[in-house]
Amino acid sequence: MNGTRIILASQSPRRKQLLEWAEIPFEIMVQSTDESFPPGMPVPEVPVHIAREKGIAVRKKYETLHHDTNIIIAADTIVVLGNTIIGKPKDRADALDILARLSGNKHQVITGVVLLKGEQEIAFADTTDVWFHPLTAEQIAFYVDKYQPYDKAGAYAIQEWIGVVGIKSIQGDFYNVMGLPVSRVVSELGRLI
Numbered sequence: 019m020n021g022t023r024i025i026l027a028s029q030s031p032r033r034k035q036l037l038e039w040a041e042i043p044f045e046i047m048v049q050s051t052d053e054s055f056p057p058g059m060p061v062p063e064v065p066v067h068i069a070r071e072k073g074i075a076v077r078k079k080y081e082t083l084h085h086d087t088n089i090i091i092a093a094d095t096i097v098v099l100g101n102t103i104i105g106k107p108k109d110r111a112d113a114l115d116i117l118a119r120l121s122g123n124k125h126q127v128i129t130g131v132v133l134l135k136g137e138q139e140i141a142f143a144d145t146t147d148v149w150f151h152p153l154t155a156e157q158i159a160f161y162v163d164k165y166q167p168y169d170k171a172g173a174y175a176i177q178e179w180i181g182v183v184g185i186k187s188i189q190g191d192f193y194n195v196m197g198l199p200v201s202r203v204v205s206e207l208g209r210l211i
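Per my numbering, the sequence shown starts with residue 19, numbered consecutively.
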């Protein structure tokens with residue numbers, strides 16, 4: 019890609035897998051960041067704000083890199099039920115409660131993406147609507163105990179068992195629910211390379 023290094027500012031195995039599927043050469047560099055956001059920030063702006071903080075933190079940590087030729091990809095995914103942002107579950111009880119609330123309902127998965135190259139920034143959010151079938155308490159407990167979804171916003175991964183048996187339909191990008199709207203990322207990368 020014309021000597022451009024692409025850096026994924028994420029440890030997410032799902033984002034790594036999606037970029038590999040898109041056959042984009044990249045390396046992973048991460049820096050821990052505060053994932054809080056200003057009170058009153060409109061919900062769709064939250065994941066973009068957090069993604070931007072992740073990208074900037076990586077850029078600062080690796081200041082010796084050539085930022086004018088490198089592209090940093092940072093992303094954050096949130097799950098929204100009604101107007102409530104549902105983060106990663108704190109423990110088993112929280113995971114059970116989150117999935118019970120999603121059961122039989124529609125929610126939104128919003129992934130914010132920020133691409134940084136030198137002083138250039140491309141930022142966007144992609145939204146997918148997801149409808150769950152009603153889930154039994156037994157199904158929810160089976161999923162949580164077997165798959166341990168504690169590192170996932172909304173306490174689930176669409177590509178796992180619960181997605182296969184529990185999701186009624188989606189409207190929007192399937193891969194966005196996995197954690198990265200990869201086709202749009204590829205398109206936006208084309209503007210920076």
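Idealized CB from N, CA, C, for every residue including glycine.
Going by CA-CA distance only, name the one from F160, Y168, Y193 that's closest to V183.
Just measuring C-alpha positions, the residue of F160, Y168, Y193 sitting nearest V183 is F160.
Locate the beta strand (DSSP E) running through E139, then write down its first and last residues.
Its beta strand (DSSP E) spans residues 138-150.
Counting along the chain, where does the alpha helix (DSSP H) carrying I68 start and finish?
Element bounds for I68: 64-79.
Find the nearest neighbour of G73 within the set P62, M59, M47, judged by alpha-carbon distance.
If we check each option's Cα against that of G73, M47 comes out closest.
Are F150 and N123 closer than 8 Å when you measure CB to CB?
Remark: C-beta atoms of F150 and N123 approach each other more closely than 8 Å.
Enumerate in chain order the residues of its own chain whose CB-to-CB distance from F55 is below 7 Å, with the five nearest sequence positions on each side excluded.
Same-chain partners within the cutoff: V64, H67, I68.
Same chain, Cβ closer than 8 Å to A175, neighbours up to 5 away in sequence not counted:
Residues R32, Y165, P167, G181, M196 of the same chain have their beta carbon placed closer than 8 Å to that of A175, with the five preceding and five following residues left out of the count.
Tell me whether the segment 101-120 and the segment 133-141 touch, counting them as touching only if at least three CB pairs, one residue from each stretch, are closer than 8 Å.
Contact between the segment 101-120 and the segment 133-141 is absent: fewer than 3 CB-CB pairs across the two stretches fall below 8 Å.
Could you tell me if I211 is buried or exposed, where buried requires 16 or more neighbouring beta carbons within 10 angstroms of its beta carbon?
Classification of I211: exposed, given that the 10 Å Cβ count is below 16.
Whole-angstrom distance between K78 and S50, CA atom to CA atom
Inter-residue distance for S50 and K78 is about 12 Å (C-alpha atoms, whole angstroms).
From A111 to V132, what does the alpha carbon distance come to, in whole angstroms?
Each residue's Cα considered, the two are about 33 Å apart.
Go ahead and label P60 buried or exposed: buried means 16 or more other beta carbons lie within 10 angstroms of its beta carbon, across all protein chains shown.
It counts as exposed.
Compare the Cα-Cα distances from I185 to each of I158, E206, Q29, V200 and report the closest residue.
The shortest Cα separation from I185 among I158, E206, Q29, V200 belongs to I158.
Can you look up L114 in the DSSP assignment and give me helix, strand or coil?
Looking at L114 - three-state DSSP - the assignment turns out to be helix.
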